[in-house]
Amino acid sequence: MPKAASARLPKCPTARPTSGIQSVIALPHDGAWDSFKIAAMTEKTKAEHIVFFHPDLGIGGAERLIVDAAVGLQKRGHKVTIFTSHCDPQHCFDEARDGTLDVRVRGNSIVPATILSRFAILCAILRQIHLILQISLSSELSALNPTVFFADQLSAGLPLLQALHPTVRTLFYCHFPDLLLAKGRQKWYKALYRLPFDAWEEWSMSFAASIAVNSAFTKSIVTAQWPSLAASRDLSIIYPCVDVADKPAETTDDNTLTWQDTNIILSINRFEAKKNIDLAIRAFAGLPKHARSSVRLVLAGGYDPRISENVIYHQDLLLLAEGLGLKTATTKNLVTALRVPDDVEVLFLLSVPGGLKDALLRSARLLVYTPANEHFGIVPLEAMLVGTPVLAANTGGPLETVVDGVTGWLRDPEVVEDWTRVMDSVLHKMSAKELEKMGRKGRERVKAEFSEESMAERLEVLIGKMGAPPRSVRNAVVAVVVVALAVVLGPAFAVWNLCSSR
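Below, the structure is given as structure tokens:
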């Protein structure tokens, strides 16, 4: 996480990993989960129609969670529909495009995703309002007869949803407070611009009947940032999951991506500065040249040419690697990846499809997971599931997933030399038996704690315990007035902000 963003984090106790079922849903005392579950399951589980709202259904951790939650709940007999303002069939998860899920793109014809690559939060809110109004006024949403709304990332539209559909219960999944992710607050006009959005975020979340978070780390941040909201709600910890089902060996060409006689150190992350991918390059460059012989650092992950940060950060990483004397190459598909010369030391793979990612994870000798203060982090679980040890930052979510010295290593992201030493140990010092044991422990941990079935069951129980919407209709009507003002005044304020920054 960039220093500017880190500075905004409120002080909070270090999140500690827990074990067993209570590590997935936080409850007030030992044994409470069992009674909670029994009480919820005494009657036959009611089939719900759950409507999801997600801003941009691309490729990322938040999107993976939404897809997994939707698929898991669908498998348990619930009907699921996903509404989003953007879903590119060439840049989304397979389940979102192959018919597994009912994904509908709405509210994307008036407001762009950004204005001159800026005002992302304003545009996101206006697009969400447009989506809600479009499917409500056209009766598309009412025709679905929803019983539960499941929203994540953006809570701004919750008051409007309650005003238009006052009997539908809402679950909001908080990946991380957006106000802590915003950049550029050092400038007075940016700080002023963010004030109404920051206040709106907390206030609009209070319209949810229940709030879930993705880790104990995120829960501690939410509690410290919004103590009044945390005091009025039980923040349930529901970890993201991975598909732990045994899969037969694939026969696709993806499995040819083993680069014979090459050891792979793998990083999978979106190309964003907060993911700290440069740490992997610096640590790799710290290995002596002979220690890098027949070793390749593969930097793979989400890349969207529409997003300027993706483009700029990729270029910055290229310059960094070349400046450290490492030969690089960039590819976007399997065909070009297989044609990379043997002497390439750092390979950038942009927006890899699921099959190729799985092949990479299975082929890697080590996964390096570089983000600091990551909210959760799904990639370490995916690596451990296939028996690949993980080297991750000793902050945030990985503290709850990676067991240091057992399933991988946790190291200070500020001490590059420590990361280099682990790389060297995995490549040249640890025996195959030691690595196999670590891989086996990783698989066991993921299957026991982070399965799709377990996450879906716990979501189902949480939804079953949700009460009526917490706000009155009168408050919701007031909210609609606020939304209307935002639609009118928001763009005007954005123009003023743009002029002030020049």
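Numbering-wise (my numbering), the sequence shown opens with residue 1 and increments by one. C-beta atoms are modelled at their ideal positions from N, C-alpha and C, and glycine is treated no differently. Quick caveat, the model's predicted, so the values are computed rather than measured.
Kindly list the residues whose CB is nearer than 6 angstroms to the CB of residue 305, restricted to its own chain and excluding five residues on each side of it in sequence; keep chain order.
Indexing the sequence shown from 1 puts residue 305 at position 305. Taken in chain order, the list of residues that qualify is empty.
Inter-residue Cα distance where the pair is residue 52 and residue 153:
For the purposes of this step, residue 52 is taken as residue 52 along the sequence shown, with counting starting at 1. For the purposes of this step, residue 153 is taken as residue 153 along the sequence shown, with counting starting at 1. Spanning the two alpha carbons is a distance of roughly 11 angstroms.
Suppose contacts are defined by Cβ-Cβ distances below 8 angstroms. Is residue 365 in contact with residue 426 by that definition?
Taking the sequence shown and counting its residues from 1, the one referred to as residue 365 is at position 365. Taking the sequence shown and counting its residues from 1, the one referred to as residue 426 is at position 426. It is a contact, given that the beta carbons lie within the stated cut-off.
Under a three-way DSSP split, which group does residue 118 fall into?
On the sequence shown, position 118 is the one that residue 118 refers to. DSSP places residue 118 in the strand class (E or B) of the three-state scheme.
Could you check whether the segment 381-394 touches the segment 317-327, counting it as contact only if at least three pairs of C-beta atoms, one from each stretch, sit closer than 8 angstroms?
No, the segment 381-394 is not in contact with the segment 317-327.
Same chain, Cβ closer than 6 angstroms to residue 367, neighbours up to 5 away in sequence not counted:
Numbered from its first residue, the sequence shown carries residue 367 at position 367. Answer for residue 367: 266, 383, 388 and 390, listed in chain order.
Helix, strand or coil at residue 409 [DSSP, three-state]:
Taking the sequence shown and counting its residues from 1, one reaches residue 409 at position 409. In this structure, residue 409 counts as strand in the three-state DSSP scheme.
Can you give me the C-alpha to C-alpha distance between residue 277 and residue 417, rounded to a whole angstrom?
Locating residue 277 in the sequence shown gives position 277, where the first residue counts as 1. Locating residue 417 in the sequence shown gives position 417, where the first residue counts as 1. Rounded to the nearest angstrom, the two C-alpha atoms are 15 angstroms apart.
Taking the alpha-carbon of residue 110 as reference, which of 150, 301, 129 and 289 has the nearest alpha-carbon?
Working through the sequence shown from its first residue, we reach residue 110 at position 110. Distances from the alpha-carbon of residue 110 to those of 150, 301, 129 and 289 put 129 closest.
Per DSSP, residue 404 forms a beta bridge with which residues?
If you number the sequence shown from 1, residue 404 lands on position 404. According to DSSP, residue 404 shares a beta bridge with 408.
Nearest-angstrom Cα distance between residue 142 and residue 115?
Taking the sequence shown and counting its residues from 1, one reaches residue 142 at position 142. Taking the sequence shown and counting its residues from 1, one reaches residue 115 at position 115. When rounded, the distance between both Cα atoms is 32 angstroms.
Is DSSP giving residue 174 helix, strand or coil here?
Taking the first residue of the sequence shown as 1, we reach residue 174 at position 174. Three-state result, residue 174: strand.
Kindly indicate which residue of 69, 172 and 280 has the alpha-carbon position closest to the one of residue 423.
Walking along the sequence shown from the start, residue 423 turns up at place 423. With distances taken between Cα atoms, residue 423 lies closest to 280.
Between the CA atoms of residue 216 and residue 503 - distance to the nearest angstrom
There is simply no residue 503 to check, as the chain begins at 1 and stops at 502 in what is shown.
Identify every residue that forms a DSSP beta bridge with residue 268.
Within the sequence shown, numbered from 1, the residue matching residue 268 stands at position 268. Under DSSP, residue 268 forms a beta bridge with 300.
Beta-bridge partners of residue 242, as assigned by DSSP:
One-based indexing of the sequence shown puts residue 242 at position 242. Note: residue 242 sits in a beta bridge opposite 451.
Which term fits residue 335, buried or exposed, when burial requires 16 or more other beta carbons within 10 angstroms of its beta carbon?
By 1-based counting over the sequence shown, the position of residue 335 is 335. Classification of residue 335: exposed, given that the 10 Å Cβ count is below 16.
Could you give the distance in angstroms between the alpha-carbon of residue 372 and the alpha-carbon of residue 162?
Taking the sequence shown and counting its residues from 1, one reaches residue 372 at position 372. Taking the sequence shown and counting its residues from 1, one reaches residue 162 at position 162. Spanning the two alpha carbons is a distance of roughly 36 angstroms.
Buried or exposed, going by whether 16 or more other CB atoms sit within 10 Å of the CB of residue 283?
In the sequence shown, the residue the question calls residue 283 occupies position 283. For residue 283, the number of other beta carbons within 10 angstroms of its own is at least 16, and it is reported as buried.
Using 7 angstroms as the cut-off, classify the Cβ of residue 162 as near or not near the heavy atoms of the ligand HEM, replying yes or no.
With respect to the ligand HEM, the structure shown offers nothing to examine, as it has no ligands at all.
Quick check on the burial criterion: 16 or more other C-beta atoms within 10 angstroms. Buried or exposed for residue 225?
Residue numbering aside, residue 225 sits at position 225 when the sequence shown is read from its first letter. Classification of residue 225: buried, given that the 10 Å Cβ count is 16 or more.
DSSP state of residue 368, grouped into three classes?
What you label residue 368 is simply residue 368 of the sequence shown in a count that begins at 1. The answer is strand: DSSP assigns residue 368 an E or B state.
Taking the alpha-carbon positions, what's the residue 448 to residue 242 distance?
Locating residue 448 in the sequence shown gives position 448, where the first residue counts as 1. Locating residue 242 in the sequence shown gives position 242, where the first residue counts as 1. Between residue 448 and residue 242, the alpha-carbon positions lie close to 11 angstroms from each other.
Near residue 358, which residues of its chain fall below 6 angstroms by C-beta distance, leaving aside the five closest residues on each side in sequence?
As a working mapping, residue 358 is identified with position 358 in the sequence shown. None.
Is the number of C-beta pairs between the segment 335-355 and the segment 296-310 that are closer than 8 angstroms three or more?
Contact between the segment 335-355 and the segment 296-310 is present: three or more C-beta pairs spanning the two stretches fall below 8 angstroms.
So, do the segment 100-108 and the segment 70-87 have three or more beta carbon pairs nearer to each other than 8 angstroms?
Judged by Cβ distances under 8 angstroms, the segment 100-108 makes contact with the segment 70-87, as three or more pairs qualify.
With distances taken between CB atoms, is the gap from residue 455 to residue 68 smaller than 8 angstroms?
In the sequence shown, residue 455 corresponds to position 455, counting from 1. In the sequence shown, residue 68 corresponds to position 68, counting from 1. The Cβ-Cβ distance between residue 455 and residue 68 falls below 8 angstroms.
Please name the residue in 117, 89 and 151 whose C-alpha comes closest to that of residue 308.
Residue mapping note: residue 308 aligns to position 308 of the sequence shown, counting from 1. For the options 117, 89 and 151, the alpha carbon positioned closest to that of residue 308 is the one of 117.
Out of 429, 60, 80 and 121, which one is the CA nearest neighbour of residue 182?
Taking the first residue of the sequence shown as 1, we reach residue 182 at position 182. Here the closest residue by C-alpha is 121.
Alpha carbons only, please: which of 60, 465 and 50 is nearest the one belonging to residue 71?
Mapped onto the sequence shown, residue 71 falls at position 71. Residue 71 has its Cα closest to that of 50, out of 60, 465 and 50.
On a Cα-Cα basis, can you pick out the residue from 175, 360 and 274 that is closest to residue 312?
Taking the first residue of the sequence shown as position 1, residue 312 is located at position 312. When each option's Cα is compared against that of residue 312, the closest is 274.
Backbone secondary structure at residue 376 - three-state DSSP
Within the sequence shown, numbered from 1, the residue matching residue 376 stands at position 376. The DSSP-derived three-state label of residue 376 is coil.
Applying the criterion that 16 or more other CB atoms from any shown protein chain within 10 Å of the CB defines a buried residue, is residue 442 buried or exposed?
Within the sequence shown, numbered from 1, the residue matching residue 442 stands at position 442. Classified as buried, residue 442 has 16 or more neighbouring CB atoms from the shown chains inside 10 Å of its CB.
How about residue 460 and residue 73: do their beta carbons lie closer than 8 angstroms?
As a working note, residue 460 is residue 460 in the sequence shown. As a working note, residue 73 is residue 73 in the sequence shown. Yes, these two residues count as a Cβ contact at 8 angstroms.
From this set, 210, 393, 314 and 262, which residue's C-alpha is nearest residue 462's C-alpha?
In the sequence shown, the residue the question calls residue 462 occupies position 462. It is 210.
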